[in-house]
Amino acid sequence: MMSMSHYYLKWQIRLEICWKWKKKMTRWAVKRKKDESKGAKCKWAYIGLHLVLSTLLESDSMDEKESAGVKVEVGECLTELMKIDLNRRERYQNLAAELAGNVS
């Protein structure tokens, strides 16, 4: 059986990895966005960023202010995905509605 301290440490490591990936994916997405004039749009950067941010939101490690900031970033990420990936636009709209609390 896993002790509480071991369990806590395991979650802290996961959260630290998520924060690092969030930083990396944000930089990558911004770099890709700057290249849009050349026609380069990468939905995978935004999908990865959305995954990391959503994982952070599910954790209870942030206060309300941090959580609100991450929700804004998730919303911006979904907006970009709606522009880039038109085939899955409705899916991203549903995720945005869930984020806003409009749909359960």
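Plus 853 on top of the position in the sequence shown (first one is 1) and you've got our numbering.
Think of the CB as a built atom: it goes at the ideal place given N, C-alpha and C, for glycine as much as any other residue.
For a quick check, are the C-beta atoms of residue i and residue j less than 8 Å apart?
i	j	result
Val925	Ser907	no
Leu910	Ser920	yes
The alpha helix (DSSP H) that contains residue i, what's its start and end?
i	result
Asn947	Arg942 to Ala953
Leu939	Note, Leu939: premise wrong, no alpha helix (DSSP H); not H, not E.
Considering Cα atoms alone, identify which of the options is closest to residue i.
i	options	result
Tyr899	Ser912, Lys936, Ser914 and Asp913	Lys936
Gly901	Arg942, Arg941 and Leu934	Leu934
Trp897	Gly954, Trp872, Ile870 and Lys877	Lys877
Ala949	Glu869, Glu929 and Leu939	Glu929
Kindly list the residues whose CB is nearer than 6 Å to the CB of residue i, restricted to its own chain and excluding five residues on each side of it in sequence; keep chain order.
i	result
Tyr945	Leu931, Leu934 and Met935
In angstroms with no decimal places, state the Cα-to-Cα distance between residue i and residue j.
i	j	result
Arg942	Trp881	22 Å
Trp872	Ala953	22 Å
To which residues of the same chain is residue i closer than 8 Å at the C-beta, ignoring the five residues directly before and after it?
i	result
Ile870	none
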